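Undergrad: Right, I'll just put the structure down here and ask away after.
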Amino acid sequence: MKLREVARLIRAEHGVMVSIAVLAGYLASGGKSLLGALIACIATFFIEAALFATNDIFNLEEDRLNRPNRPLVQGTVTLREAWSITILSAILGIILSALLGTFPFVLACAALALGLLYNYYLKRTAFFGNLIVAALTSLSFMYGAFCATTSPPARIAVFTLIAFAANLGREIIKGIRDLEGDMRAGICTLPCEIGVAPSAAVSSAFIFSAVALSIAAARYFTPIYLALIIATDLIFAYAALTVLLKPVENAERARNLTLIGMLLAILALLLSSL
Numbered sequence: 001m002k003l004r005e006v007a008r009l010i011r012a013e014h015g016v017m018v019s020i021a022v023l024a025g026y027l028a029s030g031g032k033s034l035l036g037a038l039i040a041c042i043a044t045f046f047i048e049a050a051l052f053a054t055n056d057i058f059n060l061e062e063d064r065l066n067r068p069n070r071p072l073v074q075g076t077v078t079l080r081e082a083w084s085i086t087i088l089s090a091i092l093g094i095i096l097s098a099l100l101g102t103f104p105f106v107l108a109c110a111a112l113a114l115g116l117l118y119n120y121y122l123k124r125t126a127f128f129g130n131l132i133v134a135a136l137t138s139l140s141f142m143y144g145a146f147c148a149t150t151s152p153p154a155r156i157a158v159f160t161l162i163a164f165a166a167n168l169g170r171e172i173i174k175g176i177r178d179l180e181g182d183m184r185a186g187i188c189t190l191p192c193e194i195g196v197a198p199s200a201a202v203s204s205a206f207i208f209s210a211v212a213l214s215i216a217a218a219r220y221f222t223p224i225y226l227a228l229i230i231a232t233d234l235i236f237a238y239a240a241l242t243v244l245l246k247p248v249e250n251a252e253r254a255r256n257l258t259l260i261g262m263l264l265a266i267l268a269l270l271l272s273s274l
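If you use the numbering used here, the sequence shown closes out at 274, no skipped numbers anywhere.
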């Protein structure tokens, strides 16, 4: 088993991005401890690793159709190895979260349980599955905040809502991209339920709502935030428009653009907190 294949299995790049989101939430809430920030980021990375590994375990048949280059499909990581990575990562993530206090521990346990339930069953429940993924991703900011204080500032709640709307739009775009393979695998996503064009409209509506909220929230942040969030909003708006015009053809591109936009938004919060 190669380290590179393990990194692909656990989506290490996503784990790093979510860990940065936790750090941003931590600093924006007044966190000062370098050790506390480090533990929070590492705990997040391990929990993300456990969830992404189980995603591939439970999604093996669908990946044979939609993502034949995934490590489990190619055999570069075995199922036994994937389960070992899942169990070890989950244990480490929960133990580290417990060191940070009651709220981080409870959030970590809830996120892990909900994520595992999603991977096993809820991803097949159309729009509800999208809601779960969006909620889990956006809660990274609140997790970081609760690692710093038991009373997070209002701007963290606002930013969490922005992230939720943007991630929900992105998840629907993913459903458009994977529609053919999902239908063959028996997974009924939102595009399967209501069609591609209506799903593109719903996705764009959530993305544009995130743009509107980010502008309305500018008063909570510094000029650095405003400068970066303008660039973020332009990327989000372009992604939403492209998926509206040609949903199937532009789904992959739009999803990648929203990922870039999300990273910029995280940096906006992080830099405005320094």
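Note that beta-carbon positions come from the ideal geometry of N, C-alpha and C, so glycine has one too.
Remember, predicted model here, so these are calculated numbers, not experimental data.
Report, in whole angstroms, the separation of the C-beta atoms of Phe141 and Ala217, which I expect to be a contact under 8 Å.
TA: Going by Cβ atoms, the distance from Phe141 to Ala217 rounds to 12 Å, so no, they are not a contact pair.
Undergrad: Please name the residue, chosen from Ala126, Asn55 and Ala49, that lies closest to Ile91 on a Cα-to-Cα basis.
TA: Ala49
Undergrad: Return the residue from the list Ile172, Leu65 and Gly115 that minimises the CA-CA distance to Arg184.
TA: Looking from the CA of Arg184, the closest CA among Ile172, Leu65 and Gly115 belongs to Leu65.
Undergrad: Please report how far the alpha carbon of Ala110 lies from the alpha carbon of Thr149, in whole angstroms.
TA: 19 Å
Undergrad: Let me know the secondary structure DSSP gives Thr232 once reduced to three states.
TA: helix
Undergrad: What does a CB cutoff of less than 7 Å around Gly15 pick up in its chain, not counting 5 residues either side in sequence?
TA: Phe45, Glu48 and Ala49
Undergrad: Kindly indicate the opening and closing residues of the alpha helix (DSSP H) around Ser19.
TA: Ala12 to Ala28
Undergrad: In chain order, what residues of the same chain lie with their CB nearer than 8 Å to the CB of Leu190, ignoring the 5 residues before and after it?
TA: Ala126, Phe127, Asn130, Ile172, Gly175, Ser199 and Val202
Undergrad: Would the segment 53 to 72 count as touching the segment 110 to 120 if we require 3 or more Cβ pairs under 8 Å?
TA: yes
Undergrad: Quick check on the DSSP output: the alpha helix (DSSP H) that includes Pro68 runs from which residue to which?
TA: No alpha helix (DSSP H) contains Pro68, which DSSP labels as neither H nor E.
Undergrad: From the DSSP output, in three-state form, read off Thr76 for me.
TA: coil
Undergrad: With a CB to CB cut of under 6 Å and the five nearest residues on each side skipped, what residues in its chain are close to Arg155?
TA: By the criterion of a C-beta distance shorter than 6 Å, Arg155 is surrounded in its chain by Tyr220, once the five residues flanking it on both sides are discounted.
Undergrad: Between the alpha carbons of Gly186 and Leu271, how many angstroms are there, rounded?
TA: 44 Å
Undergrad: Would you kindly work out how many angstroms separate the C-alpha atoms of Lys123 and Pro152, rounded to a whole number?
TA: 30 Å
Undergrad: Give the secondary structure of Thr125 by DSSP, where H, G and I count as helix, E and B as strand, and everything else as coil.
TA: Thr125: strand per DSSP, three-state reduction.
Undergrad: Can you name the start and end residues of the alpha helix (DSSP H) that Asn256 belongs to?
TA: Pro247 to Ser272
Undergrad: From the DSSP output, read off the bridge partner residues of Cys188.
TA: Thr125
Undergrad: Which residue from Val73, Ser209, Ser138 and Pro247 puts its Cα closest to that of Ser19?
TA: Ser138
Undergrad: Return the CA-CA distance between Leu9 and Ile42, expressed in angstroms with no decimal places.
TA: 17 Å
Undergrad: Does DSSP classify Pro153 as helix, strand or coil?
TA: coil
Undergrad: Measure the CB-CB distance between Gly169 and Ser204 and report whether it falls below 8 Å.
TA: yes
Undergrad: Measuring alpha carbon to alpha carbon, tell me which of Gly31, Val73, Asn256 and Glu81 ends up nearest Cys147.
TA: Gly31
Undergrad: I need the DSSP call for Asp182, collapsed to helix, strand or coil.
TA: Collapsing the DSSP output to three states places Asp182 in a helix.
Undergrad: Skipping 5 residues on each side, what residues in its chain have a beta carbon closer than 6 Å to that of Val133?
TA: Glu171
Undergrad: Quick one: grab the DSSP three-state call for Phe221.
TA: coil
Undergrad: Just verifying my parser: in three-state terms, what is the DSSP assignment at Lys32?
TA: coil
Undergrad: Leaving aside the five residues before and after Ser89 along the sequence, list all residues of the same chain whose C-beta is less than 6 Å from its C-beta, in chain order.
TA: Same-chain partners within the cutoff: Phe46, Ala49 and Ala50.
Undergrad: Is it the case that the Cβ atoms of Leu267 and Met17 are separated by a distance below 8 Å?
TA: no
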